[in-house]
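Taking this note's numbering, the leading residue of the sequence shown gets 3, the next gets one more, and so forth. We put the CB at the ideal spot given by N, CA and C, even for glycine. Small disclaimer: the values here were computed from a predicted structure and weren't measured. Heads up, the thing below is written out as C-alpha coordinates.
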Amino acid sequence: MRLPIPDPRDVAALAARGPALAEGLLTALPRALALLDAAEALVARAALLVEEIDQTRQAADEVVERTNETVEAANAVIVRTAGTVASVEPTLDRAEKLIDRFAPALEKLYPTLDRLAETTDPKEVDALVKLVDQLPHLVERLDADILPMLANLQTVAPDIHDMLDVTRELNLMLAKLPGMGRIKKRVDEQQAVEGA
(Lines of atoms letter the chains of each structure in order from A and count residues from 1; the text may use other names and numbers.)
(Lines give C-alpha, C1' and ligand atoms only; values in the text may rest on other atoms or scores of the structure.)
Protein backbone atom coordinates (compact mmCIF):
# COMPACT_ATOMS: atom_id res chain seq x y z
CA MET A 1 0.00 0.00 0.00
CA ARG A 2 1.39 3.38 -0.97
CA LEU A 3 1.42 6.13 1.57
CA PRO A 4 -0.07 9.40 0.33
CA ILE A 5 2.39 12.22 0.03
CA PRO A 6 0.97 15.42 1.51
CA ASP A 7 0.83 18.39 -0.73
CA PRO A 8 1.11 22.05 0.37
CA ARG A 9 -2.69 22.34 0.81
CA ASP A 10 -2.68 19.46 3.33
CA VAL A 11 0.14 21.07 5.29
CA ALA A 12 -1.75 24.38 5.37
CA ALA A 13 -4.97 22.66 6.56
CA LEU A 14 -3.04 20.77 9.26
CA ALA A 15 -1.32 23.98 10.39
CA ALA A 16 -4.71 25.70 10.65
CA ARG A 17 -6.07 22.85 12.83
CA GLY A 18 -2.89 22.65 14.95
CA PRO A 19 -3.99 24.96 17.81
CA ALA A 20 -7.34 23.18 18.13
CA LEU A 21 -5.60 19.78 18.17
CA ALA A 22 -3.08 20.98 20.76
CA GLU A 23 -5.89 22.39 22.92
CA GLY A 24 -7.81 19.09 22.62
CA LEU A 25 -4.73 17.16 23.70
CA LEU A 26 -4.16 19.49 26.65
CA THR A 27 -7.76 19.09 27.87
CA ALA A 28 -7.71 15.32 27.36
CA LEU A 29 -4.46 14.79 29.31
CA PRO A 30 -5.88 15.57 32.82
CA ARG A 31 -8.88 13.36 32.13
CA ALA A 32 -6.61 10.53 31.02
CA LEU A 33 -4.49 10.96 34.16
CA ALA A 34 -7.63 10.97 36.33
CA LEU A 35 -8.81 7.77 34.65
CA LEU A 36 -5.42 6.19 35.25
CA ASP A 37 -5.54 7.18 38.96
CA ALA A 38 -9.05 5.73 39.24
CA ALA A 39 -7.91 2.51 37.58
CA GLU A 40 -4.98 2.23 39.99
CA ALA A 41 -7.33 2.76 42.95
CA LEU A 42 -9.67 0.06 41.61
CA VAL A 43 -6.78 -2.36 41.17
CA ALA A 44 -5.60 -1.67 44.73
CA ARG A 45 -9.12 -2.18 46.06
CA ALA A 46 -9.51 -5.40 44.08
CA ALA A 47 -6.21 -6.68 45.52
CA LEU A 48 -7.45 -5.86 49.02
CA LEU A 49 -10.74 -7.65 48.38
CA VAL A 50 -8.92 -10.71 47.05
CA GLU A 51 -6.76 -10.74 50.19
CA GLU A 52 -9.85 -10.46 52.39
CA ILE A 53 -11.51 -13.29 50.50
CA ASP A 54 -8.40 -15.42 51.01
CA GLN A 55 -8.41 -14.64 54.75
CA THR A 56 -12.09 -15.55 54.98
CA ARG A 57 -11.41 -18.81 53.12
CA GLN A 58 -8.60 -19.63 55.52
CA ALA A 59 -10.86 -18.91 58.50
CA ALA A 60 -13.53 -21.16 56.98
CA ASP A 61 -10.92 -23.91 56.46
CA GLU A 62 -9.98 -23.65 60.14
CA VAL A 63 -13.62 -23.92 61.18
CA VAL A 64 -14.05 -26.97 58.95
CA GLU A 65 -10.93 -28.53 60.48
CA ARG A 66 -12.21 -27.89 64.00
CA THR A 67 -15.58 -29.30 63.02
CA ASN A 68 -13.86 -32.46 61.77
CA GLU A 69 -12.07 -32.75 65.11
CA THR A 70 -15.43 -32.41 66.86
CA VAL A 71 -16.89 -35.15 64.68
CA GLU A 72 -13.96 -37.41 65.57
CA ALA A 73 -14.49 -36.68 69.24
CA ALA A 74 -18.20 -37.44 68.87
CA ASN A 75 -17.33 -40.75 67.19
CA ALA A 76 -15.11 -41.59 70.15
CA VAL A 77 -18.01 -40.78 72.48
CA ILE A 78 -20.24 -43.14 70.51
CA VAL A 79 -17.68 -45.94 70.77
CA ARG A 80 -17.33 -45.43 74.52
CA THR A 81 -21.11 -45.27 74.89
CA ALA A 82 -21.42 -48.66 73.16
CA GLY A 83 -19.05 -50.10 75.78
CA THR A 84 -21.16 -48.66 78.58
CA VAL A 85 -24.27 -50.35 77.22
CA ALA A 86 -22.50 -53.71 77.60
CA SER A 87 -22.11 -53.06 81.33
CA VAL A 88 -25.89 -53.40 81.73
CA GLU A 89 -25.67 -57.20 82.27
CA PRO A 90 -24.46 -57.06 85.91
CA THR A 91 -27.25 -54.62 86.66
CA LEU A 92 -29.75 -57.13 85.29
CA ASP A 93 -28.45 -59.78 87.71
CA ARG A 94 -29.09 -57.49 90.65
CA ALA A 95 -32.54 -56.64 89.37
CA GLU A 96 -33.71 -60.28 89.11
CA LYS A 97 -36.90 -59.51 91.01
CA LEU A 98 -37.89 -57.02 88.34
CA ILE A 99 -37.25 -59.41 85.47
CA ASP A 100 -40.60 -61.14 85.85
CA ARG A 101 -42.37 -57.83 85.65
CA PHE A 102 -40.41 -56.72 82.62
CA ALA A 103 -40.07 -60.12 80.91
CA PRO A 104 -42.17 -59.25 77.80
CA ALA A 105 -40.15 -56.11 77.11
CA LEU A 106 -36.87 -57.93 77.78
CA GLU A 107 -37.82 -60.72 75.38
CA LYS A 108 -38.32 -58.12 72.67
CA LEU A 109 -34.94 -56.55 73.48
CA TYR A 110 -33.05 -59.86 73.73
CA PRO A 111 -31.77 -60.07 70.10
CA THR A 112 -30.33 -56.57 70.33
CA LEU A 113 -28.67 -57.20 73.70
CA ASP A 114 -27.29 -60.53 72.53
CA ARG A 115 -25.69 -58.96 69.48
CA LEU A 116 -24.27 -56.16 71.61
CA ALA A 117 -22.72 -58.66 74.02
CA GLU A 118 -21.10 -60.56 71.17
CA THR A 119 -19.63 -57.51 69.45
CA THR A 120 -18.41 -55.50 72.46
CA ASP A 121 -14.78 -55.87 73.54
CA PRO A 122 -13.74 -55.29 77.19
CA LYS A 123 -11.31 -52.65 75.99
CA GLU A 124 -14.24 -50.76 74.48
CA VAL A 125 -15.97 -50.82 77.85
CA ASP A 126 -12.83 -49.41 79.50
CA ALA A 127 -12.62 -46.72 76.83
CA LEU A 128 -16.27 -45.82 77.36
CA VAL A 129 -15.73 -45.43 81.09
CA LYS A 130 -12.83 -43.07 80.43
CA LEU A 131 -14.97 -41.11 77.99
CA VAL A 132 -17.73 -40.70 80.54
CA ASP A 133 -15.12 -39.26 82.90
CA GLN A 134 -14.16 -36.73 80.21
CA LEU A 135 -17.72 -35.79 79.25
CA PRO A 136 -17.94 -32.67 81.49
CA HIS A 137 -14.73 -31.30 79.97
CA LEU A 138 -15.92 -32.23 76.45
CA VAL A 139 -19.28 -30.52 76.98
CA GLU A 140 -17.53 -27.42 78.33
CA ARG A 141 -15.25 -27.28 75.25
CA LEU A 142 -18.21 -27.86 72.95
CA ASP A 143 -20.12 -24.95 74.53
CA ALA A 144 -17.09 -22.63 74.73
CA ASP A 145 -15.32 -23.34 71.43
CA ILE A 146 -17.26 -25.38 68.88
CA LEU A 147 -20.80 -23.99 69.07
CA PRO A 148 -19.70 -20.33 68.79
CA MET A 149 -17.60 -21.22 65.73
CA LEU A 150 -20.54 -22.98 64.12
CA ALA A 151 -22.69 -19.92 64.79
CA ASN A 152 -20.04 -17.74 63.09
CA LEU A 153 -20.12 -19.96 60.01
CA GLN A 154 -23.63 -18.71 59.24
CA THR A 155 -22.36 -15.12 59.10
CA VAL A 156 -19.25 -15.94 57.03
CA ALA A 157 -21.12 -17.27 53.99
CA PRO A 158 -23.01 -14.04 53.19
CA ASP A 159 -19.79 -12.04 53.59
CA ILE A 160 -17.98 -14.28 51.13
CA HIS A 161 -20.91 -14.01 48.73
CA ASP A 162 -20.86 -10.20 48.97
CA MET A 163 -17.09 -10.10 48.41
CA LEU A 164 -17.43 -12.32 45.35
CA ASP A 165 -20.16 -10.03 43.96
CA VAL A 166 -17.94 -6.97 44.47
CA THR A 167 -15.00 -8.77 42.86
CA ARG A 168 -17.13 -9.63 39.83
CA GLU A 169 -18.27 -6.02 39.53
CA LEU A 170 -14.67 -4.83 39.77
CA ASN A 171 -13.62 -7.28 37.09
CA LEU A 172 -16.39 -6.00 34.82
CA MET A 173 -15.42 -2.37 35.47
CA LEU A 174 -11.74 -3.09 34.90
CA ALA A 175 -12.49 -4.94 31.69
CA LYS A 176 -14.14 -1.80 30.30
CA LEU A 177 -11.06 0.39 30.83
CA PRO A 178 -8.98 0.99 27.69
CA GLY A 179 -5.88 -1.18 27.63
CA MET A 180 -7.06 -3.46 30.45
CA GLY A 181 -7.60 -6.33 28.02
CA ARG A 182 -3.87 -6.42 27.33
CA ILE A 183 -3.03 -6.12 31.02
CA LYS A 184 -5.47 -8.93 31.89
CA LYS A 185 -4.00 -11.09 29.15
CA ARG A 186 -0.50 -10.46 30.52
CA VAL A 187 -1.62 -11.30 34.09
CA ASP A 188 -3.36 -14.48 32.88
CA GLU A 189 -0.19 -15.52 31.07
CA GLN A 190 1.91 -14.90 34.20
CA GLN A 191 -0.51 -16.90 36.33
CA ALA A 192 -0.44 -19.75 33.82
CA VAL A 193 3.37 -19.76 33.93
CA GLU A 194 3.39 -19.67 37.73
CA GLY A 195 0.73 -22.40 37.90
CA ALA A 196 2.80 -24.65 35.65
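Cβ shell of residue i (< 8 Å), same chain only, five flanking positions each side left out
i, result
"Ala48", "Thr169, Leu172, Asn173, Leu176"
"Thr2", "Because residue 2 is not part of the residues shown, which for the chain are 3 to 198, the question remains open."
With 16 other Cβ atoms within 10 Å as the buried cut-off, status of residue i
i, result
"Leu166", "exposed"
"Leu133", "buried"
"Arg82", "buried"
"Leu35", "exposed"
"Leu50", "exposed"
"Leu111", "exposed"
"Lys130", "For the record, residue 130 in the displayed sequence is Leu; it is not Lys. By the 10 Å Cβ count, Leu130 comes out buried."
Residue i - containing alpha helix (DSSP H), residue span
i, result
"Gly181", "Here Gly181 belongs to no alpha helix (DSSP H), and DSSP marks it neither H nor E."
"Ala146", "Looking at the DSSP string, Ala146 is not in any alpha helix (DSSP H), and its letter there is neither H nor E."
Cβ-based neighbour list, residue i, same chain, cut-off 6 Å, excluding 5 preceding and 5 following
i, result
"Leu37", "none"
is_contact[residue i, chain D] using C-beta, thresh 9 Å
i, result
"Leu38", "Of the protein chains in this structure there is only one, and it is not chain D."
Chain-order list of residues whose beta-carbon lies under 7 Å from that of residue i (same chain, five-residue window excluded)
i, result
"Leu44", "Leu172, Met175, Leu176"
Three or more C-beta pairs under 8 Å: does that hold for the stretch 149–158 against the stretch 50–67?
yes
In the stretch 101–143, which residue ranges form an unbroken beta strand (DSSP E) of at least 3 residues, counting only runs that do not cross its ends?
none
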